[in-house]
Amino acid sequence: MQAVVPATLQVTSTPAALVLQAIRVGAPITRDTIAADTGLSPATINRQIVALADLGFVTERRDLVHHGGIGRPKNPLTLDRDGLCVAGMHIGARRTLLALADLGGRTLYSHAVRTPDGPPDAAVDELCAQLRTLADRFSGRRLLWGGVAIGGRVDTATGVVDHPVLGWRKVGLGERLAQTLGVPVSVCEHVQAMAAAELLLGSPRSTDESGLFFYARETTGMAVTVNGRVVVPARGAGTIAHVRVDAPVLGPGPETLQGVIGVAAATRAAERLGVSPDASCIADERAAILGEVVAGFRDAFNPDTVIVAGDAFAAHPQGLAPVQAAFDAASCAGWPLELTPSRFGHGVQESAAIVVALSVIYADPIGAMA
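Mapping to the working numbering: the sequence shown position 370 is 989, numbers consecutive.
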């Protein structure tokens with residue numbers, strides 16, 4: 620068993636992947652409908668279904684056959700949502716979310732724990748043990764894969780991570796989790812994983828577009844998607860945390876984006892000004908800063924879509940509208956673009972953990988299990 624396998628953050632077009640996706644999205648679904656949806660030949664579809672059924676991924680549901688039609692009944696196909704699962708975690712600076720999901724990406728159970736302090740190796744071992752304990756609660760299911768989404772720098776080939784905020788350096792997270800779970804593991808930068816969840820989980824978004832994905836909570840980040848693929852630079856994810864912003868309320872004065880988006884920045888500003896942390900002056904300035912920063916990158920990349928996620932984008936009492944207004948005022952692209960909130964809302968961290976655990980299976984379900 621290869622312990623650590625790089626996540627595949629893209630929509631793929633191998634026959635097995637196309638058939639699995641058609642069943643995942645459209646089940647219960649017949650072979651004829653799969654052929655219409657994928658363009659694959661009946662012979663190719665049958666071969667993939669046999670292989671996927673041998674793995675326990677799909678099953679024929681004769682109980683769902685409609686017997687009132689003309690000709691030979693067509694047995695619908697569905698995913699096996701009862702016998703399989705994957706395990707994932709999103710490691711944050713203050714809390715870690717642990718999740719178990721079925722083959723379709725549906726969460727079976729999730730909960731948050733405090734990210735351990737202290738020596739990195741001990742912290743990693745504690746988190747791995749907690750995810751193992753969660754998986755053991757679903758011992759009736761076969762565990763297929765493990766996944767980790769985390770900030771900082773990630774070597775996707777080895778699962779070794781650096782997380783400056785946590786004080787982790789060259790920590791073998793992937794190997795440790797693979798040993799604990801006894802299955803292959805993928806480790807991925809968390810904002811890239813969030814962007815991949817938008818592409819791969821639920822009904823897939825268009826793969827013919829370019830896009831930007833922004834996340835802002837206590838930390839901030841950006842990912843780029845092109846033609847159904849998250850761009851993963853060879854030297855790791857970039858950063859937008861250091862982008863300079865004008866923040867007379869939250870700063871005061873010039874500040875970095877990272878320095879003004881979190882709860883701590885709002886609390887400091889509130890204490891200095893003698894107002895509540897959710898005062899309108901604080902909420903308005905944060906929304907304006909986010910809109911202006913996103914507009915700057917939109918003008919530079921000129922993407923087809925911009926998706927935003929994280930509590931900082933949703934913190935204003937009027938929701939995303941003030942961010943959109945600041946974005947519209949700052950953008951010089953010459954045509955309007957509506958900011959799209961993440962389809963996962965407050966569950967975006969959970970979706971990141973799950974998609975890292977599923978991405979290799981979705982990309983090549985037969986090869987992954989080999």
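Beta carbons: idealized from backbone N, C-alpha and C, even for Gly.
Ile710 carries a strand assignment under DSSP once its states are collapsed to helix, strand and coil. In this chain, the beta strand (DSSP E) harbouring Cys807 covers 804 to 808. Pro783 carries a coil assignment under DSSP once its states are collapsed to helix, strand and coil.
Rounded to the nearest whole angstrom, the CA to CA distance from Val644 to Gly821 is 7 angstroms. Here Glu890 is exposed. Its C-beta has fewer than 16 other C-beta atoms within 10 Å. Note on geometry: alpha-carbon atoms of Val879 and Leu939 lie some 17 angstroms from one another.
Per DSSP, Leu792 is one residue of the alpha helix (DSSP H) stretching across 792 to 800. A distance below 8 angstroms between beta-carbons, with the five flanking residues on each side excluded, links Ala731 to the following residues of its chain, in chain order: Arg714, Thr715, Leu716, Leu717. For Ala952, same chain residues with a beta-carbon under 8 angstroms away, outside a window of 5 residues either side, are Arg917, Asp918, Asn921 in chain order. In the structure shown, Leu956 falls within a coil segment according to DSSP collapsed to helix, strand and coil. When the alpha-carbon of Leu785 is set against those of Gly711, Asp865, Val849, the nearest one is in Gly711. When secondary structure is reduced to three states using DSSP, Val912 falls in the helix class. Under the rule that a run must span 4 or more residues, the alpha helix (DSSP H) segments found entirely inside the segment 911 to 950 read 930 to 933, 940 to 949. When the five nearest sequence neighbours on each side are left out, the beta carbons in the same chain lying within less than 8 angstroms of the beta carbon of Arg680 are those of Pro647, Asn694, Pro695, Leu696, Thr697, in order along the chain. In the structure shown, Gln877 falls within a coil segment according to DSSP collapsed to helix, strand and coil.
In this structure, Val705 is the residue among Val705, His709, Arg733, Thr734 with its C-alpha nearest to the C-alpha of Ala720. In the assembly as shown, Glu828 is an exposed residue. Its beta-carbon has fewer than 16 other beta-carbons within 10 Å. Along the length of the segment 815 to 852, whole beta strand (DSSP E) runs at least 3 residues long occupy 829 to 835, 839 to 845, reported in chain order. About 14 angstroms separates the beta carbons of Val790 and Val804, which is beyond the 8 angstroms limit, so they are not a contact pair. Linking Pro873 to Gly771 through their CA atoms gives a straight-line distance of about 24 angstroms. Under the 10 Å beta carbon count, Tyr728 is surrounded by fewer than 16 other beta carbons and is classified as exposed. Shown here, Ser632 sits in coil according to DSSP, grouped into three states, outside any helix or strand. Put simply, of Pro738, Gln798, Val975 the residue whose alpha carbon is nearest the alpha carbon of Leu819 is Val975.
Note on Pro941: 16 or more other CB atoms within 10 angstroms of its CB, so buried under the neighbour-count rule.
For the 8 angstroms CB-CB criterion, Ala866 and Glu911 do not form a contact.
A Cβ-Cβ separation of about 28 angstroms leaves Ala856 out of contact with Ala902 under the 8 angstroms criterion. Between the segment 620 to 630 and the segment 833 to 852 there are three or more inter-stretch CB-CB distances shorter than 8 angstroms, so the stretches are counted as touching. Linking Glu794 to Thr777 through their CA atoms gives a straight-line distance of about 8 angstroms. In this structure, the beta-carbon distance from Leu977 to Gly724 falls below 8 angstroms. Excluding the 5 residues flanking it on each side, Ala884 has same chain C-beta neighbours closer than 7 angstroms at Leu869, Gly878, in chain order.
Closest in alpha carbon position to Thr775, among Thr838, Pro625, Thr726, Leu800, is Pro625. Taking all protein chains in view, the Cβ of Ala907 is crowded by 16 or more other Cβ atoms within 10 Å, so the residue is classified as buried. In the structure shown, Val975 adopts helical secondary structure according to DSSP, grouped into three states. Per DSSP, Ile769 lies in no alpha helix (DSSP H) segment; the continuous beta strand (DSSP E) that holds it begins and ends at 761 to 769.
Per DSSP, reduced to three states, the secondary structure at Thr663 is helical.
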